[in-house]
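Undergrad:
Protein chains in written order, with our numbering: chain A, 6 to 479; chain B, 3 to 49.
1) Which residues, taken in chain order from the region 22–48 of chain B, show a beta carbon closer than 8 Å to some beta carbon of chain A?
2) Using a Cβ-Cβ cut-off of 8 Å, state whether residue 303 of chain A counts as contacting chain B.
3) Who pairs with residue 9 of chain B in a beta bridge, going by DSSP?
4) Which residues mark the beginning and the end of the beta strand (DSSP E) in which residue 111 of chain A is found?
5) Do the CB positions of residue 3 of chain A and residue 327 of chain A come within less than 8 Å of each other?
6) Looking at chain A, is there any beta carbon in it that lies within less than 8 Å of the beta carbon of residue 13 of chain B?
7) If I follow the unbroken alpha helix (DSSP H) through residue 235 of chain A, where does it start and stop?
8) For residue 370 of chain A, collect the residues of the same chain with a Cβ closer than 7 Å to its Cβ; drop the 5 residues on either side in sequence, then sort them by chain order.
9) For the region 232–250 of chain A and the region 169–179 of chain A, state whether three or more C-beta atom pairs, one from each stretch, are separated by less than 8 Å.
10) Roughly how many angstroms lie between the CA atoms of residue 26 of chain B and residue 125 of chain A, to the nearest whole one?
11) So, does the CB of residue 266 of chain A fall closer than 8 Å to a CB anywhere in chain B?
12) Take residue 165 of chain A and list the residues in its own chain whose beta-carbon comes closer than 6 Å to its own, dropping the five residues that flank it on each side.
13) List the residues of chain B that residue 76 of chain A touches, going by C-beta distances under 9 Å, in chain order.
14) Going by DSSP in three states, residue 321 of chain A sits in which element: helix, strand or coil?
15) Express the C-alpha separation of residue 321 of chain A and residue 332 of chain A in angstroms, rounding to a whole number.
16) Is the shortest distance between the beta-carbon of residue 169 of chain A and the beta-carbons of chain B less than 8 Å?
17) Examine chain B for any beta-carbon lying closer than 8 Å to the beta-carbon of residue 6 of chain A, and answer yes or no.
18) Classify residue 207 of chain A: buried if its beta carbon has 16 or more other beta carbons within 10 angstroms, exposed otherwise.
19) I need the straight-line Cα distance from residue 29 of chain A to residue 180 of chain A, nearest angstrom please.
20) Along chain B, which residues have their Cβ under 8 Å away from the Cβ of residue 98 of chain A?
21) Consult DSSP for residue 175 of chain A and reduce its assignment to one of helix, strand or coil.
22) How about residue 239 of chain A and residue 215 of chain A: are their beta carbons less than 8 Å apart?
23) In whole angstroms, what is the alpha-carbon distance linking residue 195 of chain A and residue 477 of chain A?
24) Which two residues bound the contiguous alpha helix (DSSP H) that contains residue 55 of chain A?
25) Whose Cβ in chain B lies nearer than 7 Å to the Cβ of residue 297 of chain A?
26) DSSP three-state call for residue 124 of chain A: helix, strand or coil?
27) Does DSSP put residue 180 of chain A in a helix, in a strand, or in coil?
28) At a Cβ cut of 7 Å, what residues of the region 378–410 of chain A count as close to chain B, listed as they run along the chain?
29) Can you tell me whether residue 35 of chain B is buried or exposed, with buried defined as 16 or more other CB within 10 angstroms of its CB?
30) For residue 542 of chain A, name the three-state secondary structure that DSSP assigns.
31) Would you identify the three-state DSSP class for residue 205 of chain A, choosing helix, strand or coil?
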């Protein structure tokens, strides 16, 4: 199965052509051009994904016109969209390939259900029909604009999830400026760097510790869990930078998914800074309405809201026990924070502020890494095995084979230099993250910045690794 | 520390004090104390 992921040369050629035509074409043609480009992008992955997208988009678009009048219609479309996400999750863990042919084209039934980006655009369809149902939006969007909202290729694979009021008004915007091109280009470079130099360099170490863990001591396992969270952060925020960069070059502002989340001092702050667009969706459509409904019960309302929001979020990722456990970790953390809020405020006033902040960041990072063991593990028993290993025999008996080797595997041989570079790059980027982010968002083309980042990617980047983005599977 | 829960707790207190009920839409539109006051006035006048 071929795919134009954001790190394939074919994608850059495709993007260059579309940016060129979009920049020079008259503004009324731009939305149609971008819809065609998005269809090519998705159809190139597989034709089944494109057919599913078109059917679901048309269905939601036409149903939305009547949804304000009929409650039953609203509930039916909601059920349909939720069912598509459940089926997507169900089929993505099975391998039942049932095929059929129409003239010369061969289709796989399985591919219709695991259509590219389905779990993201289904959320957007839910948002659209809900806004129309509650009369916060008139269903007057032209079909081409709705197709663009649903399929816009920079956000097609893994979001960000855009709400209708965040995306639809942008379509009518007339100009793509040279500043958009510069900011977009710099953002893509930053994303490429995060993905190829940091995230993909950690793949081997994380894989060896998680997948062949039986012999490793606690310290090695804990470092592996830290590295997985860091890998996932740079993989997904690298993807998001590239999605936002590509969209910016076409004149669109997509919602940022990350805001230096690893510096959070509480789990609730972490969820305001990590996968922002998804959590904003769940907060708006599940958490707030539910807590409002139960508001008489005060804290219990919030606890129920937290539990339901995170269980849905976990199941949105994948239907299974590992993601349920991952969600329950966060339900527990957030409930604890809610119930100890006053105590924590008092405590923070009594001790040194810098120490309290650094200590909180350390605790939050550890809690997030702990929950992510369930995210990465193959099964719950695998996760428990890793957790048990973290707390038994902490110091490795043989440092070379038990610590350095699993961390510093480069291909099939031990490569300390490879690992040293990874750690140095990761720490430097984490330390100067805010500065790097704000610099890459400035509309000033800086040849030194571009050349340095490109050189770093060429020298230290991982090429032909065959890895995809982690969030592509969801 | 102000958050969504504190916001909803305040709303619940106002509702029991003035014996009125806000809709979800109204609560989501509250951006200032003035917004809350004008909605309370409207609701108590129409009673």
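We put the CB at the ideal spot given by N, CA and C, even for glycine.
The structure presented is a predicted model; accordingly, all values stated were derived computationally and were not measured.
TA: According to the structure shown:
1) Within the region 22–48 of chain B, the residues whose Cβ lies closer than 8 Å to some Cβ of chain A are 26, 27, 29, 30, listed in chain order.
2) For residue 303 of chain A, a Cβ of chain B is located within less than 8 Å of the residue's own Cβ.
3) In DSSP, residue 9 of chain B forms no bridge with anything.
4) DSSP places residue 111 of chain A in the uninterrupted beta strand (DSSP E) bounded by 110–113.
5) The displayed coordinates of chain A run from 6 to 479. Any statement about residue 3 of chain A would go beyond what the structure contains.
6) Residue 13 of chain B counts as touching chain A.
7) 223–254 is the span of the alpha helix (DSSP H), which, as asked, contains residue 235 of chain A.
8) 267.
9) Taking 8 Å as the limit for Cβ pairs, the verdict is that the region 169–179 of chain A does not touch the region 232–250 of chain A.
10) Those two C-alpha atoms are separated by around 26 Å.
11) Contacts with chain B at 8 Å (Cβ-Cβ) do not include residue 266 of chain A.
12) Here the set comprises 259, 260, 262, 282.
13) Ordered by position in chain B, no residue passes the 9 Å Cβ test against residue 76 of chain A, which lies about 16 Å from the chain.
14) The three-state reading of DSSP puts residue 321 of chain A in helix, counting H, G and I together.
15) Distance between the alpha carbons of residue 332 of chain A and residue 321 of chain A: 11 Å.
16) Proximity of residue 169 of chain A to chain B, defined by a Cβ-Cβ separation below 8 Å, is not satisfied.
17) Residue confidence is low: residue 6 of chain A scores 47 on pLDDT, short of 50, so the model does not pin down where it sits. Its coordinate-derived value is still stated next. Chain B, which has no Cβ nearer than 8 Å to the Cβ of residue 6 of chain A, makes this no.
18) Within a 10 Å sphere around the beta-carbon of residue 207 of chain A sit 16 or more other beta-carbons, which makes this residue buried.
19) Approximately 10 Å between the Cα atoms of the pair.
20) Residues of chain B passing the Cβ test: none, with the nearest at roughly 34 Å.
21) The answer is helix: DSSP assigns residue 175 of chain A an H, G or I state.
22) It is not a contact, given that the beta carbons lie outside the stated cut-off.
23) Cα to Cα, residue 195 of chain A sits roughly 19 Å from residue 477 of chain A.
24) Run containing residue 55 of chain A: 52–69, per the alpha helix (DSSP H) assignment.
25) For residue 297 of chain A, the chain B residues whose Cβ falls inside 7 Å of its Cβ are 10, 26, 29, in order along the chain.
26) Here residue 124 of chain A sits in helix by DSSP.
27) Of the three classes helix, strand and coil, the one that applies to residue 180 of chain A here is coil, per DSSP.
28) Legend: CB atoms of the region 378–410 of chain A lying less than 7 Å from CB atoms of chain B are not found in any residue.
29) The residue is exposed, with fewer than 16 neighbouring Cβ atoms inside 10 Å.
30) A query on residue 542 of chain A cannot be resolved here, the shown segment of chain A reaching from 6 to 479 and no further.
31) The DSSP-derived three-state label of residue 205 of chain A is helix.
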